[in-house]
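In the working numbering, the protein residues as written are 5 to 142.
Pasting the structure below:
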């Protein structure tokens, strides 16, 4: 009787495992492409907010908060070379890091552009980046 139960449970377990592998493989689960950014890695940072077309340098004491926000940014799906035009505002962040320059743009809290590649992004982390940039430029 125990053998019959194992024979019924094993195919179900394999089916669930294969579904999880498929979901991860096609990119449905969120990814954090900049999860390794730390405040110590940032040499300088500037933000640009549009509208109203304002920019500012990020103070050194804000690098920790900026790094936390950037490392929390989540994307899903494959990278795109272009997106459909959207109306509304956005923010851009230019980082000079010990590993090179990184350009990040939050486009209407819908798309995230990292070094020229566009991704669908999750709203909350992108909204946190937007709020941070707007505070810095005030």
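From the three backbone atoms N, C-alpha and C, an ideal C-beta is built for every residue, glycine too.
With burial defined as no fewer than 16 other Cβ atoms inside 10 Å of the residue's Cβ, what is the status of residue i: buried or exposed?
{"i": "residue 127", "result": "exposed"}
{"i": "residue 61", "result": "exposed"}
{"i": "residue 78", "result": "buried"}
{"i": "residue 140", "result": "buried"}
{"i": "residue 71", "result": "buried"}
Per the DSSP calculation, residue i is bridged to which residue(s)?
{"i": "residue 104", "result": "101"}
{"i": "residue 113", "result": "Beta-bridge pairing links residue 113 to no other residue."}
{"i": "residue 121", "result": "118"}
{"i": "residue 94", "result": "54, 111"}
{"i": "residue 35", "result": "79"}
Starting from residue i and walking both ways along the beta strand (DSSP E), at which residues does that stretch end?
{"i": "residue 47", "result": "46 to 54"}
{"i": "residue 83", "result": "79 to 84"}
Just curious, the alpha helix (DSSP H) that residue i is in, first and last residue?
{"i": "residue 127", "result": "127 to 141"}
Figure out for me which residue from the options has the closest Cα to the Cα of residue i.
{"i": "residue 85", "options": "16, 54, 115, 46", "result": "115"}
{"i": "residue 136", "options": "94, 18, 22", "result": "94"}
{"i": "residue 113", "options": "76, 19, 38, 132", "result": "132"}
{"i": "residue 44", "options": "58, 21, 63, 68", "result": "68"}
{"i": "residue 66", "options": "80, 49, 59, 76", "result": "49"}
{"i": "residue 103", "options": "111, 18, 38, 34", "result": "38"}
{"i": "residue 111", "options": "71, 52, 36, 63", "result": "52"}
{"i": "residue 130", "options": "73, 64, 98", "result": "73"}
{"i": "residue 138", "options": "59, 108, 91, 34", "result": "59"}
{"i": "residue 109", "options": "25, 54, 15", "result": "54"}
Reducing DSSP to helix, strand and coil, say where residue i ends up.
{"i": "residue 69", "result": "helix"}
{"i": "residue 63", "result": "coil"}
{"i": "residue 89", "result": "coil"}
{"i": "residue 74", "result": "helix"}
{"i": "residue 41", "result": "coil"}
{"i": "residue 15", "result": "helix"}
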